[in-house]
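To convert, note that position 214 of the sequence shown is 1030 in UniProt numbering; the numbers rise steadily by one, no gaps. Step one of this worksheet: look at the structure below.
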Amino acid sequence: DADIAMYHAKESGRNNFRFFTADMNRKAQERLFLEDSLRRALDAGELSLLYQPQINLRTRTIVGAEALLRWYHPRQGFIPPGRFIPVAEDCGLIMAIGEWVLMEACRQAQAWREAGLPAIRMAVNFSPIQFRQQRVVGSIRHALDATGLAPELLELELTERVVMRNAESAAGRLRKLKDLGVRLAIDDFGTGYSSLSYLKQFPVDNLKIDQHFVRDIRTDPNDAAIASAIISMGHSLRLGIIAEGVEDQDALRFLAEQHCDDVQGNFLSKPVTGEQLAGMLRGDGAG
Ligand code: C2E
Ligand code: MG
Ligand code: MG
Ligand code: MG
């Protein structure tokens, strides 16, 4: 990359030093811009949640939804979470954002219940920064109390890296969360360092197979082998398995053959608004 940049710099007759400095400035400025805008975004109501359905392969019904954060900046337009969440984690804003997400997701899940719709679990992504804070247990209890949502309908998604790093203290924290009655899922499973047998000591309910394995499940025999190993070993540990990033019929068929429990992905449904998901639950054709 550096070579290419240098080449272009010479080509255009520009000074190399200035070239790189400008590039570094641009990155730092984008970060400052995002941090600054993000601070205002929460109050300005620029953040919203979409919900991606999770479908049980046996019953073919929606059994859950994952809350996914969306940010529409008034001038920049859509900014994907992969771009702003790392910034929010660095500057500490993830705590306020995370609490908003938690409250909004619980409120929506309870609103579906009060509308008489089938009970489905609401999955909420948790940043490692949030998980590390002592007050995480209290803020989850508060969200459940304030909205009236039954704890077993809330599922917290943590990545395996969070759980494996500092396994000792993580186990204690996970226990406290479990004691609230919520469900726990390991997100992006297969990308980190954990062994399945190690997971036994954690009170986890679901494993989510990382979408990179799922995407190439037909074309990459290694990915197929990993996915089916996760499913069968996960089941022997009495864990539920969710495959995410299901993009076509073939992946769906393979996962059904392997007895994967639930599936999530654009082939089934992209993330939708709370209202659209209510329509799907009502079965009025939106799904
Ligand atoms: P994740 O938790 O692994 O979420 C799954 C991502 O895969 C979502 O992207 C979803 O839209 C996308 N996806 C689902 N099915 C498909 C598919 O079939 N094909 C493709 N190409 N993509 C699919 P999204 O919404 O951009 O979120 C990216 C990541 O941002 C999430 O990964 C999660 O780590 C993070 N994130 C999103 N919302 C929150 C939040 O509220 N809090 C925190 N801490 N992180 C969040
Ligand atoms: Mg997730
Ligand atoms: Mg994931
Ligand atoms: Mg691959």
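No residue lacks a Cβ here, since even glycine has one placed at the ideal position from N, Cα and C.
Starting from the C-beta of A986, find all residues in its chain whose C-beta is less than 6 Å away, skip the five residues before and the five after it, and write them out in chain order. As a first step, residue 986 is located in the sequence shown; it is residue number 170 there, counting from the start. Closer than 6 Å at Cβ, skipping near neighbours: V979.
Residues around ligand 3, please: the condition is that the C-beta lies closer than 5 Å to some non-hydrogen atom of it. D1003, D1004
Can you tell me whether N941 is buried or exposed, with buried defined as 16 or more other CB within 10 angstroms of its CB? Translated into positions along the sequence shown, residue 941 becomes position 125. Burial call: buried.
Nearest residue (CA-CA) to T877, options F1070, D859, S1085, N982: For this step, residue 877 is matched to residue 61 along the sequence shown. The option with the nearest alpha carbon to T877 is S1085.
Is it the case that the Cβ atoms of D1026 and R999 are separated by a distance below 8 Å? Indexing the sequence shown from 1 puts residue 1026 at position 210. Indexing the sequence shown from 1 puts residue 999 at position 183. Cβ distance not < 8 Å, so D1026 and R999 don't count as in contact.
Note down the Cα distance separating P890 from W916, rounded to an integer number of angstroms. Translated into the one-based positions of the sequence shown, residue 890 becomes position 74. Translated into the one-based positions of the sequence shown, residue 916 becomes position 100. Distance between the alpha carbons of P890 and W916 is about 20 Å.
Per-residue DSSP class, three states only, for V1079: On the sequence shown, position 263 is the one that residue 1079 refers to. DSSP places V1079 in strand when its eight states are reduced to three.
Do G1090 and E1060 have their C-beta atoms within less than 8 Å of each other? Sequence index remark: in the sequence shown, residue 1090 carries index 274 (1-based). Sequence index remark: in the sequence shown, residue 1060 carries index 244 (1-based). In this structure, E1060 does not lie closer than 8 Å to G1090 by Cβ.
According to the Cβ coordinates, are A931 and L865 closer than 8 Å? Numbered from its first residue, the sequence shown carries residue 931 at position 115. Numbered from its first residue, the sequence shown carries residue 865 at position 49. Cβ atoms of A931 and L865: not closer than 8 Å.
Between which residues of its own chain and E882 is the CB-CB distance below 6 Å, once the five residues before and five after are set aside? Start at 1 with the first residue of the sequence shown, and residue 882 comes out as number 66. Closer than 6 Å at the Cβ level, and outside the excluded window around E882, lie Q868, A939.
Taking the DSSP output, what are the residues bridged to F1005? Here the question's residue 1005 lines up with position 189 in the sequence shown. I1025.
Spatial distance of residue 1111 from G1008 (CA atoms): Residue 1111 is absent from the model: the chain starts at 817 and stops at 1103.
Where F947 sits in the DSSP three-state scheme: The residue you call residue 947 lines up with position 131 of the sequence shown. If DSSP states are grouped into helix, strand and coil, F947 belongs with the helices.
Residue nearest to V1079 in terms of C-alpha spacing, selected from G880, K992, R842: As a first step, residue 1079 must be located in the sequence shown, where it is residue number 263. Among G880, K992, R842, the Cα nearest to that of V1079 belongs to G880.
For S864, the three-state DSSP class (helix, strand or coil): For the purposes of this step, residue 864 is taken as the residue at position 48 of the sequence shown. If DSSP states are grouped into helix, strand and coil, S864 belongs with the strands.
Taking the straight line between their C-alpha atoms, what separation do you get for F849 and N841? Within the sequence shown, residue 849 is the residue found at index 33, counting from 1. Within the sequence shown, residue 841 is the residue found at index 25, counting from 1. Using only the alpha carbons, I get a separation of about 12 Å.
Are P1019 and K994 close, meaning C-beta to C-beta below 8 Å? The residue given as residue 1019 occupies position 203 in the sequence shown. The residue given as residue 994 occupies position 178 in the sequence shown. A contact, by the Cβ cut-off of 8 Å.
Give the straight-line distance between the Cα atoms of G1037 and R874, rounded to the nearest whole angstrom. Counted from its first residue, the sequence shown places residue 1037 at position 221. Counted from its first residue, the sequence shown places residue 874 at position 58. Note on identity: in this sequence residue 1037 is Pro, with Gly being the wrong assignment. Approximately 25 Å between the Cα atoms of the pair.
Are the CB atoms of L1068 and W928 within a distance shorter than 8 Å? As a first step, residue 928 is located in the sequence shown; it is residue number 112 there, counting from the start. As a first step, residue 1068 is located in the sequence shown; it is residue number 252 there, counting from the start. Against a cut-off of 8 Å, the Cβ pair of L1068 and W928 comes out as no contact.
Residues sharing a beta bridge with V1088, DSSP: As a position in the sequence shown, residue 1088 is number 272, starting the count at 1. Y867.
Alpha carbons only, please: which of V1088, A1045, F1083, P1087 is nearest the one belonging to C1076? Walking along the sequence shown from the start, residue 1076 turns up at place 260. When each option's Cα is compared against that of C1076, the closest is A1045.
Within 10 angstroms of the Cβ of L1053, are there 16 or more other Cβ atoms? Answer buried if so, exposed if not. On the sequence shown, position 237 is the one that residue 1053 refers to. Under this definition L1053 is an exposed residue.
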